[in-house]
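The structure appears below as structure tokens.
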Amino acid sequence: MRTWRRAFRLLITIVIMALLVTGGMTALAAGGMELTPSYEIKSGMDNMADFTVFNSDTAKHTYVLQAANVPDGISWYFTVASQKATEVTLQSSSSAVVTLHLTLPDTAASTMAQIKVIAKRDDGIIANVTVNFSKNSDYALKITKTSDSLKTVAGETLVFDIAVTNTGDKELTGIALNLILPYKWLNIGVNPDTLSLKPGESSTFQISVQPPASQSAGMSTITISAGNAKAASGDLAIPVKVTSNMNFVWVLGGVAVIIVAVAFIYFRRHGRR
Numbered sequence: 000m001r002t003w004r005r006a007f008r009l010l011i012t013i014v015i016m017a018l019l020v021t022g023g024m025t026a027l028a029a030g031g032m033e034l035t036p037s038y039e040i041k042s043g044m045d046n047m048a049d050f051t052v053f054n055s056d057t058a059k060h061t062y063v064l065q066a067a068n069v070p071d072g073i074s075w076y077f078t079v080a081s082q083k084a085t086e087v088t089l090q091s092s093s094s095a096v097v098t099l100h101l102t103l104p105d106t107a108a109s110t111m112a113q114i115k116v117i118a119k120r121d122d123g124i125i126a127n128v129t130v131n132f133s134k135n136s137d138y139a140l141k142i143t144k145t146s147d148s149l150k151t152v153a154g155e156t157l158v159f160d161i162a163v164t165n166t167g168d169k170e171l172t173g174i175a176l177n178l179i180l181p182y183k184w185l186n187i188g189v190n191p192d193t194l195s196l197k198p199g200e201s202s203t204f205q206i207s208v209q210p211p212a213s214q215s216a217g218m219s220t221i222t223i224s225a226g227n228a229k230a231a232s233g234d235l236a237i238p239v240k241v242t243s244n245m246n247f248v249w250v251l252g253g254v255a256v257i258i259v260a261v262a263f264i265y266f267r268r269h270g271r272r
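And the structure:
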């Protein structure tokens with residue numbers, strides 16, 4: 000009797016272990032993701048959340064990456080190994096770290112949301128996780144232009160102001176500007192170098208730039224943003240109308256006339272030899 004009971008218990012134990020192993024293998028075969036469940040998002044900055052996609056199947060698979068329930072106004076994309084990606088291919092029993100990038104406009108109101116990150120495998124199996132995020136309203140900046148239209152002459156210095164507002168709840172110090180200028184344009188200077196702003200306070204930077212004298216007439220764009228280690232504004236694109244420098248045009252014309260005259264004299268003297 001005791002032998003029969005021992006055999007029965009052993010059989011039950013084996014069945015249970017087999018079920019656990021089979022269930023575990025099925026879950027692993029489906030693949031999955033791991034992700035930190037919640038974090039704060041700062042306005043105007045590139046906010047990142049890392050998660051791992053792992054393929055525990057015995058075959059290679061490709062996973063299409065998607066994000067659902069993203070609030071309006073928030074831009075997003077994925078990167079794998081620092082390169083933008085919409086999918087990731089994994090060999091058997093391998094994994095990859097995928098980064099979700101989120102950018103919240105500096106004008107966005109305080110909000111909370113849940114974003115679902117989805118990895119859909121090429122055989123239809125889907126793994127997903129939910130990211131809880133809340134806007135960090137302590138530190139935020141807004142940048143605005145003080146003039147709707149800017150005009151300058153090629154080769155001459157253009158001076159204009161940019162307004163920066165602390166739209167967060169805490170003081171910000173060491174706020175500086177970042178300028179992206181058209182090709183060959185010079186950054187003459189920014190005054191002051193940095194600003195300190197209390198909550199709700201605004202101030203201005205004076206910017207001096209110079210297009211090259213050879214600049215053709217037309218429209219150019221200057222891109223400006225403001226920020227420090229804790230906050231950043233969105234990019235502000237400022238169109239600038241540039242007109243040709245007539246002095247430069249006359250100089251080029253004079254040089255062309257001289258070159259033609261020198262060539263004419265040379266060939267007249269030496270052409271018959």
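Just so you know, numbering that gives the first Met the number 0 puts 209 at position 210 of the sequence shown, and the rest follows in order with no gaps.
For every residue, glycine included, the Cβ atom is placed at its ideal position computed from N, Cα and C.
{"Item": "Between the CA atoms of P104 and V128 - distance to the nearest angstrom", "Value": "24 Å"}
{"Item": "Alpha-carbon to alpha-carbon, M111 and Q82", "Value": "28 Å"}
{"Item": "Sheet register partners of I124 (DSSP bridge)", "Value": "According to DSSP, which records beta bridges pairwise, I124 is partnered with nothing at all."}
{"Item": "Residue environment, T151, which counts as buried when at least 16 other CB atoms sit within 10 Å", "Value": "buried"}
{"Item": "Contact between the region 115-126 and the region 135-153 (3+ Cβ pairs under 8 Å)", "Value": "no"}
{"Item": "Residue nearest to T203 in terms of C-alpha spacing, selected from P191, K197 and P210", "Value": "P191"}
{"Item": "Per-residue DSSP class, three states only, for R90", "Value": "First, the residue type needs correcting, since residue 90 is Gln and not Arg in the sequence shown. The answer is coil: DSSP assigns Q90 none of H, G, I, E or B."}
{"Item": "Beta-carbon contacts of N177 that lie in its chain and below 8 Å, excluding the five residues immediately before and after", "Value": "I223, S224, A225 and G226"}
{"Item": "Candidates L140, Q209 and P70, of which the one nearest L235 by Cα", "Value": "L140"}
{"Item": "Of the listed residues Q113, T88, T85 and T78, nearest to V97 (C-alpha basis)", "Value": "T78"}
{"Item": "For S94 and E200, the rounded distance between their alpha carbons", "Value": "47 Å"}
{"Item": "Whole-angstrom distance between Y62 and L10, CA atom to CA atom", "Value": "Because L10 carries a pLDDT of 41, less than 50, the predicted location of this residue cannot be relied on, and the following value inherits that uncertainty. The alpha-carbon atoms of L10 and Y62 are separated by roughly 40 Å."}
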